[in-house]
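If you count by this note's numbering, then the sequence shown holds residues 252 to 645, one letter each, in order. Data block below; observations after.
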Amino acid sequence: MRRVYLDNNATTPVLPEVLEAMRPYFGEHFGNASSIHHHGQETRAAVERARASVSALLGCRASEVVFTSGGTEGDNLAIFGLMRDGDHVITSTIEHHAVLNSCKRLAAQGGEVTYIPVDGRGLVDPADVKRAIRPNTKLITIMFANNETGVVQPVAEIGKIAAEADIYFHTDAVQAAGKTPIDVNEIGCDLLTISGHKIHGPQGAGALYVRKGTQLEPMLHGGSHERSRRAGTENVPGIVGLGKAAELAVAGFEREDDRADQKMAAARDQLERELLDIEATGLNGEGAPRVPNTTNIFFDGIEGEAMVIALDLKGLAVSTGAACSSGAIEPSHVLTAMGLRPDRARASIRFSLGKQNTEEDVDFALALIPEMVTRLRELSPVWPKLSKKSVVST
Ligand code: PLP
Numbered sequence: 252m253r254r255v256y257l258d259n260n261a262t263t264p265v266l267p268e269v270l271e272a273m274r275p276y277f278g279e280h281f282g283n284a285s286s287i288h289h290h291g292q293e294t295r296a297a298v299e300r301a302r303a304s305v306s307a308l309l310g311c312r313a314s315e316v317v318f319t320s321g322g323t324e325g326d327n328l329a330i331f332g333l334m335r336d337g338d339h340v341i342t343s344t345i346e347h348h349a350v351l352n353s354c355k356r357l358a359a360q361g362g363e364v365t366y367i368p369v370d371g372r373g374l375v376d377p378a379d380v381k382r383a384i385r386p387n388t389k390l391i392t393i394m395f396a397n398n399e400t401g402v403v404q405p406v407a408e409i410g411k412i413a414a415e416a417d418i419y420f421h422t423d424a425v426q427a428a429g430k431t432p433i434d435v436n437e438i439g440c441d442l443l444t445i446s447g448h449k450i451h452g453p454q455g456a457g458a459l460y461v462r463k464g465t466q467l468e469p470m471l472h473g474g475s476h477e478r479s480r481r482a483g484t485e486n487v488p489g490i491v492g493l494g495k496a497a498e499l500a501v502a503g504f505e506r507e508d509d510r511a512d513q514k515m516a517a518a519r520d521q522l523e524r525e526l527l528d529i530e531a532t533g534l535n536g537e538g539a540p541r542v543p544n545t546t547n548i549f550f551d552g553i554e555g556e557a558m559v560i561a562l563d564l565k566g567l568a569v570s571t572g573a574a575c576s577s578g579a580i581e582p583s584h585v586l587t588a589m590g591l592r593p594d595r596a597r598a599s600i601r602f603s604l605g606k607q608n609t610e611e612d613v614d615f616a617l618a619l620i621p622e623m624v625t626r627l628r629e630l631s632p633v634w635p636k637l638s639k640k641s642v643v644s645t
């Protein structure tokens, strides 16, 4: 059976070049990067080459890149590495759970947290961030691009506000990296998280950008790896894979007449246009800037979970939202924060493209979805009554 994967915000397939780059580090190049002999020097050199590649992706110095196990660790390290008793943090209601649950934990320990709401497009208003600043505000953590909608936040404006107030600014760029060019100096952030498996690198490898001079307390206590910011023997194959994926991401932005992000946007736009032609559908995040690979659409009268399962049986992989909460009955916290009614949030599907996707993949999806929506609506006891009500109430 033909299978098409349009769930690249959950994870991306490792590119063949990435796998090839990693392969020797599972075999002949096995040394511990901290060893001073030949074997260690070989892997140390590979780790430092990868660090340079990641720094080129982010526009920072190599020494400002800390390798981690992925996005979750990067977010945790940024937050718990900075926050101390009595500190206040500002975040948003639509963050990934790696940030939201870290903030929840901080609050349980007596920390102060302010959650900035978003508007109907899924955007944080920088003026709200500014208003939320208190004398004890230590950190602002607002994501670059949302994993469910692809909506891009005004991070450079927030960075300016943070700098003026002398507050640290962290941004979770896990869903922005590889899809849109990133420059930490343009954003004005002090910390920025990326994850290997969202940019066609391996799972279990990521990086945190830490601006020079940032006083970050490590979360793991052990050796002095990563300039004492993250103890533990380096995951050399993972780091090498992340470095190669970063290199390929940069190259994708540099191909003047064949830019990877523009190609992805063209395929996404075609998918989106044709899906929005279906009756009683709408775009979540309409009117907001978005990364080029994501579209999140509601199909009134259907159950998202049922649609995901039905499409999977036909060979198409999509998602109802964050992978970690699929299976949960609760509607998406991101879509409800944007003001969607619970039934409409549950009727929403995320389609996310990757570098491997082709126009044929989009055609495959478009050949399946309209018919599937009709079938699921025929089976729905609330259709078409619910859809008429939904259309007038928004
Ligand atoms: N932040 C965002 C925005 C994400 O989408 C994800 C993963 O879905 C993470 C953080 C967590 O990254 P990882 O899976 O590498 O821990």
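Even for Gly, the Cβ is constructed at its ideal location relative to N, Cα and C.
Item to complete: Apply the 10 Å Cβ neighbour rule to Gly503 and answer buried if 16 or more other Cβ atoms are within range, or exposed otherwise.
Response: buried
Fill in: Which of helix, strand or coil DSSP assigns to Gly492
helix
Worksheet entry | Candidates Asn327, Ala456 and Gly401, of which the one nearest Leu604 by Cα | Gly401
Worksheet item: Using a threshold of 7 Å, is the CB atom of Val425 nearer than that to any non-hydrogen atom of ligand 1?
Response: yes
Practice prompt. State the start and end residues of the unbroken beta strand (DSSP E) segment that holds Asp423.
Written response: Tyr419 to Asp423
Worksheet item: Between the region 545 to 556 and the region 509 to 518, do at least 3 Cβ pairs fall closer than 8 Å?
Response: no
Fill in: Whole runs of the beta strand (DSSP E) within the region 561 to 626, excluding any shorter than 3 residues
599 to 603
Worksheet item: Excluding sequence positions up to five away, which residues of its chain have a Cβ less than 7 Å from the Cβ of Cys575?
Response: At Cys575, the pLDDT of 44 sits below 50, so the modelled position is not reliable and the matter cannot be decided from this model.
Item to complete: Answer with buried or exposed for Lys463, where buried requires no fewer than 16 other C-beta atoms within 10 angstroms of its C-beta.
Response: exposed
Worksheet entry | Own chain, CB closer than 7 Å to Ala272, minus 5 neighbours either side, in chain order | Val491, Gly492 and Lys495
Discussion item. Following a CB-centred definition, is Ala349 positioned closer than 7 Å to any heavy atom of ligand 1?
Written reply: yes
Worksheet entry | Sufficient close CB pairs (3 or more, under 8 Å) joining the region 404 to 422 to the region 436 to 452 | yes
Fill in: Own chain, CB closer than 6 Å to Glu525, minus 5 neighbours either side, in chain order
Leu617
Practice prompt. Within its chain, find whatever has a CB closer than 7 Å to the CB of Ile553; leave out the 5 residues flanking it on each side and keep chain order.
Written response: Ala598, Val624, Leu627, Arg628 and Ser631
Worksheet item: Just to confirm, does Gly494 get its C-beta within under 7 Å of one of the non-hydrogen atoms of ligand 1?
Response: no
Item to complete: Go through the region 432 to 499 residue by residue and report every complete run of the alpha helix (DSSP H) that reaches 4 residues or more, in order.
Response: 435 to 438 and 476 to 479
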